[in-house]
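The structure under discussion appears below in the form of structure tokens.
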Amino acid sequence: MSAKTFSVKCEATTPCEGQKPGTSGLRKHVTVFQSWRYTANFVQSILSAMDGATREGCTLVVGGDGRYYMKTAVQIIIQISAANGIGKLVIGQSGLLSTPAMSCLIRKRQAAGGIILTASHNPGGPDGDFGIKFNISNGGPAPAGITDAIYDLTKTISTVKHCPDLNVDVSSIGTQQFDIQGRQFIIEVVDSVEDYLALMREIFDFEALKKLLSGPLKFVVNAMHGVVGPYAKRIFCQELGAPADSCLNCDPKEDFGGHHPDPNLTYAADLVNLMKKGVHGFGAAFDGDGDRNMILGKNGFFVTPSDSIAVIAANAKCIPYFKKTGVKGLARSMPTSGALDRVAKAESLEFFEVPTGWKFFGNLMDADRLSLCGEESFGTGSDHIREKDGLWAVLAWLSIMAARQQSVEEVLRDHWEKYGRNFFTRYDYENVESEPAQQMMANLRNLVDTDKVGMFIGREFAEGNKTYKVSKADDFEYTDPIDKSLSKNQGIRIIFQDGSRVIFRLSGTGSSGATVRMYIDSYESDSAKFSLDAQTVLQPLVKIALGISQLRELTGRLEPTVIT
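Under this note's numbering, read the sequence shown as residues 247 to 810, first letter to last.
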């Protein structure tokens, strides 16, 4: 039986305002994307930005985190891809694919790229956010050159090519073929978990993990009604033998159960409170699309993301993958604490400090100069894919605990004894009015301007019994050692003589207004102080940072939305 033929329609359109991708794709309120023209224009611009020879007949991977409007967006992508010469779409069953699984599939299928439908840790539902992100053939986020090209096309677009009558059932695994005016177009719906699970089996010792989870360790993870739920149940319960009740909120929901799917101490408070009861020895939470994670020990012992990547790097030999490949280099985002720096120095490993955004790690990995990396924004990963990977990070921690036969807290306290402790916190001020936020950053840039910074260097700031002297201040910029591209204006850094740092930047992951982020990092080598509360230790620096920035006065925000 021959495939049904579908015709291509060239739909006239006009540019839509506000289609510049941020740090990780285009994110807006659902109501914005619900305009067909807005979504179609952006998808068409993604495909138009691809080289014609590459696009013609190529394979793309499509999937998302299950949030509201994803099902509609999948059909729009199918219709536009069919009309624009794409040969095949590999789609997760029911449209579901975690961001790490997307990267895995792109690499395994040698696809030209992938379109991820997610706004990551932003809220979902009819009143929430939606997002579209393009990943390139290495499985990682598109670099600035490509996202800039996509944005330029959104400003001049006049036509969308699509097949409006093509509607595909993506609920069942299997392959479907369609005739698009004499050209074959294939949809392959795949098990969302299978390929990712196979990769995890190659990286970790599942027998050792199974033994750990079948022992006395009480283990619990909270998928926060995001896409990780099916992955957690399949891997932890079916593969590793954890009890079914160890996986919480594992049914993906379009509104994430009405919650904010961000795995931090504020938005994953249910897990924090559960861990504080002292029953469970290990707890973890994941964000909406599965690339972020939070690690907790018994009694709610919190592992900062900065410490998490440092511990994994220091114990990489506990993971079979790194026994085989070795560790080529370490990297962190600029605002992340300096904990990883000390591991790199102790192990004589090449080290990189990059801007926020996972795409900056990809070039280093592709050049075989980077194995492990992390961001303080609860992102941890390695060169097994080109995205951060929340579930991988949990398996890495469990592998370390199995090898060392220690609890989460014991592992981390041993780490501090060897390397010292970086006390670290981040203050997020969400949905700040853009104008005062921009004014604050402009004032700070003026303070650290190349021609004026000399007047700022050497200044002393006292708070309580602590005095800090400025040794360096700048607006961080990064020259990629691989492609030599320059990224400027990546965040204001104020570094003091004792190595403490204060950093300010505007986040690129919000959908409206501005999110001001303030980071405080202070190193301590005195083991007698390792058990002190981080917020108490850092309060003098917090007050100094607020004073220098005039954040409260300019924005009117007296308290942060989230403290981590």
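All C-beta atoms, glycine included, are put in the ideal place defined by N, C-alpha and C.
In chain order, each beta strand (DSSP E) run of at least 3 residues that lies wholly inside the stretch 575-640: 575-579, 596-600, 618-621, 625-628
Residue(s) in a DSSP beta bridge with residue 543: For this step, residue 543 is matched to residue 297 along the sequence shown. Answer is 528, 547.
Cα-Cα separation between residue 333 and residue 307, rounded to whole angstroms: Your numbering for residue 333 matches position 87 in the sequence shown. Your numbering for residue 307 matches position 61 in the sequence shown. Going by the C-alpha atoms only, they are around 11 Å apart.
Residue 350 vs residue 491 beta-carbon contact at 8 Å: For the purposes of this step, residue 350 is taken as the residue at position 104 of the sequence shown. For the purposes of this step, residue 491 is taken as the residue at position 245 of the sequence shown. No, they are not a contact pair.
Residue-level contact to chain B via CB, residue 670, 8 Å cutoff: Absence of chain B from the displayed structure is noted, only one protein chain being present.
Sufficient close CB pairs (3 or more, under 8 Å) joining the stretch 468-477 to the stretch 492-499: yes
Sequence ranges, alpha helix (DSSP H) only - wholly within the stretch 383-423, length at least 4: 390-400
Segments of 3+ residues assigned as beta strand (DSSP E) that fall wholly inside the stretch 273-344: 305-310, 334-342
For residue 464, the nearest candidate out of 410, 512, 644 (CA to CA): Taking the sequence shown and counting its residues from 1, the one referred to as residue 464 is at position 218. Nearest of 410, 512, 644 to residue 464, Cα basis: 644.
Cα-Cα separation between residue 691 and residue 642, rounded to whole angstroms: Here residue 691 refers to the residue found at position 445 of the sequence shown. Here residue 642 refers to the residue found at position 396 of the sequence shown. When rounded, the distance between both Cα atoms is 39 Å.
Residue 654 versus residue 544: straight-line alpha-carbon distance, rounded: Translated into positions along the sequence shown, residue 654 becomes position 408. Translated into positions along the sequence shown, residue 544 becomes position 298. Distance between the alpha carbons of residue 654 and residue 544 is about 8 Å.
Minimum C-alpha distance to residue 400 - residue among 409, 370, 283: Reading the sequence shown from its first residue, position 154 is the one you call residue 400. Nearest option by C-alpha distance: 283.
Alpha carbon of residue 348 to alpha carbon of residue 360, nearest angstrom: In the sequence shown, residue 348 corresponds to position 102, counting from 1. In the sequence shown, residue 360 corresponds to position 114, counting from 1. Cα to Cα, residue 348 sits roughly 7 Å from residue 360.
Candidates 803, 670, 633, 646: closest to residue 381 by CA position: As a first step, residue 381 is located in the sequence shown; it is residue number 135 there, counting from the start. Of the listed residues, the one whose Cα sits closest to residue 381 is 633.
Cα-Cα separation between residue 590 and residue 596, rounded to whole angstroms: Here residue 590 is taken as the residue at index 344 of the sequence shown, counted from 1. Here residue 596 is taken as the residue at index 350 of the sequence shown, counted from 1. Using only the alpha carbons, I get a separation of about 7 Å.
Residue 379, DSSP secondary structure in three states: Along the sequence shown, read from residue 1 onward, the residue named residue 379 stands at position 133. If DSSP states are grouped into helix, strand and coil, residue 379 belongs with the strands.
Secondary structure of residue 718, DSSP reduced to three states: Numbered from its first residue, the sequence shown carries residue 718 at position 472. Strand, per DSSP.
Residue 745, buried or exposed, once every other Cβ within 10 Å from all chains shown has been counted against 16: Here residue 745 refers to the residue found at position 499 of the sequence shown. Exposed: under 16 other Cβ atoms inside 10 Å.
Residue range of the unbroken alpha helix (DSSP H) whose run includes residue 799: Indexing the sequence shown from 1 puts residue 799 at position 553. First-last of the alpha helix (DSSP H) with residue 799: 797-801.
Neighbourhood of residue 357 by C-beta, 8 Å cutoff - its chain only, sequence neighbours within 5 removed: For the purposes of this step, residue 357 is taken as residue 111 along the sequence shown, with counting starting at 1. For residue 357, where only same-chain residues beyond five positions count, the Cβ hits under 8 Å are 304, 305, 306, 307, 336, 351, 383.
C-beta contact flag for residue 626 and residue 558 at 8 Å: Numbered from 1 along the sequence shown, position 380 holds the residue referred to as residue 626. Numbered from 1 along the sequence shown, position 312 holds the residue referred to as residue 558. Yes, they are a contact pair.
Buried or exposed by the 16-neighbour rule on C-beta atoms within 10 Å, applied to residue 302: Counting from one through the sequence shown, the residue named residue 302 turns up at place 56. Per the 10 Å Cβ criterion, exposed.
Supposed close pair residue 688, residue 703 - CB separation, criterion 8 Å: If you number the sequence shown from 1, residue 688 lands on position 442. If you number the sequence shown from 1, residue 703 lands on position 457. That belief does not hold up - the Cβ atoms of residue 688 and residue 703 are roughly 20 Å apart, past 8 Å.
Element boundaries [alpha helix (DSSP H), containing residue 516]: Start at 1 with the first residue of the sequence shown, and residue 516 comes out as number 270. Counting along the chain, the alpha helix (DSSP H) containing residue 516 begins and ends at 515-521.
Three-pair Cβ contact test at 8 Å for the stretch 556-570 versus the stretch 383-394: no
Residue closest to residue 345, alpha-carbon to alpha-carbon, out of 378, 327, 398, 371: Mapped onto the sequence shown, residue 345 falls at position 99. Of 378, 327, 398, 371, the residue nearest in Cα terms is 378.
Buried/exposed call for residue 801, threshold 16 Cβ in 10 Å: For this step, residue 801 is matched to residue 555 along the sequence shown. Per the 10 Å Cβ criterion, buried.
Residue range of the alpha helix (DSSP H) that includes residue 571: For this step, residue 571 is matched to residue 325 along the sequence shown. 566-571 is the extent of the alpha helix (DSSP H) around residue 571.
Sub-8 Å separation of residue 418 and residue 435 beta-carbons: Counting from one through the sequence shown, the residue named residue 418 turns up at place 172. Counting from one through the sequence shown, the residue named residue 435 turns up at place 189. Yes.
Nearest-angstrom Cβ-Cβ length linking residue 426 and residue 289, presumed shorter than 8 Å: On the sequence shown, residue 426 is found 180 positions in, with the first residue counted as 1. On the sequence shown, residue 289 is found 43 positions in, with the first residue counted as 1. Wrong, their Cβ atoms sit about 16 Å apart, outside the cutoff.
Cβ-based neighbour list, residue 247, same chain, cut-off 8 Å, excluding 5 preceding and 5 following: Position 1 of the sequence shown, counted from the first residue, corresponds to residue 247. Note on residue 247: pLDDT 42, under 50, position unreliable in the model; no value is reported.
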